[in-house]
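Residue numbers (UniProt numbering): 1 to 149.
Using N, Cα and C, we set each Cβ at its ideal position, and we do this for glycine too.
Remember, it's a predicted structure, so these values are computed and weren't measured experimentally.
Down below is the structure, laid out as structure tokens.
As structure tokens, then:
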């Protein structure tokens with residue numbers, strides 16, 4: 001377990017990695033980042049009424065990140081970001097709004113594809129110097145818009 005409610009398995013699990021036979025094991029050197037990220041997720045879980053969070057994407061190995069055409073600078077590749085959903089709390093938009101209104105320290109929060117049923121929230125954490133940057137990205141649009149839209 002990386003924290004009381006989040007396991008290494010769910011943090012590294014990827015259907016795409018399995019399908020492409022990509023090793024998505026977390027390097028030992030990044031374990032402390034993963035632990036910090038999951039400790040922050042515990043705070044988010046509490047803010048969202050202690051409802052279960054679903055990690056749709058956590059750690060991404062460089063090979064997996066390339067395969068999904070992720071940003072080369074993605075915090076997923078340093079175990080400092082996750083994509084989450086919390087269906088028992090509400091939509092991705094309602095999750096994003098609740099987190100922005102909270103005092104949780106995050107570096108970047110992106111509401112992703114909010115008009116689609118499978119929308120999610122990307123959230124990243126640094127150990128200090130968090131920017132609390134809030135963005136929205138719509139499916140099929142390369143633009144990131146400031147705030148929760």
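6 Å Cβ shell around residue i - same chain, five flanking residues per side excluded
i, result
"residue 119", "92 and 113"
"residue 149", "136"
"residue 150", "It is not possible to answer for residue 150, since the shown part of the chain is limited to 1 through 149."
"residue 20", "67"
Rounded straight-line distance, which links the Cα of residue j to that of residue i
i, j, result
"residue 49", "residue 98", "11 Å"
"residue 109", "residue 44", "12 Å"
"residue 3", "residue 87", "21 Å"
"residue 150", "residue 75", "Lying before the first or after the last residue shown, residue 150 is absent from the chain, which here runs from 1 to 149."
"residue 72", "residue 90", "31 Å"
"residue 94", "residue 1", "28 Å"
"residue 70", "residue 121", "15 Å"
"residue 127", "residue 25", "22 Å"
"residue 29", "residue 35", "12 Å"
"residue 41", "residue 14", "19 Å"
"residue 22", "residue 65", "10 Å"
"residue 147", "residue 96", "10 Å"
"residue 18", "residue 31", "21 Å"
Beta bridge counterpart(s) of residue i as assigned by DSSP
i, result
"residue 134", "109"
"residue 139", "Answer is none; residue 139 lacks a bridge partner."
"residue 121", "84 and 111"
"residue 129", "Bridge partners of residue 129: none, in fact."
Nonlocal neighbours in the same chain, by C-beta distance under 7 Å from residue i, ignoring five residues either side
i, result
"residue 132", "106"
"residue 12", "24, 25, 26, 58 and 59"
"residue 47", "98, 99, 102 and 104"
"residue 145", "135 and 136"
"residue 53", "41, 44, 45, 84 and 86"
Residues near residue i in its chain [Cβ-Cβ closer than 8 Å; skip 5 each side]
i, result
"residue 116", "139"
#### Entry: Those runs of the beta strand (DSSP E) which lie wholly inside the UniProt domain "Peptidase M15A C-terminal" (5-101) and span at least 3 residues
Unbroken beta strand (DSSP E) stretches of 3 residues or longer found wholly inside the UniProt domain "Peptidase M15A C-terminal" (5-101): 54-57 and 81-85, given in chain order.
#### Entry: Any 3 or more C-beta pairs closer than 8 Å across the segment 135-144 and the segment 77-85
Using a Cβ-Cβ distance cut-off of 8 Å, the segment 135-144 and the segment 77-85 are not in contact, since fewer than three pairs of beta carbons, one from each stretch, lie closer than that value.
### Task
Could you tell me whether the segment 55-68 touches the segment 8-22, using the rule of 3 or more Cβ pairs below 8 Å?
Output reads yes: the segment 8-22 touches the segment 55-68.
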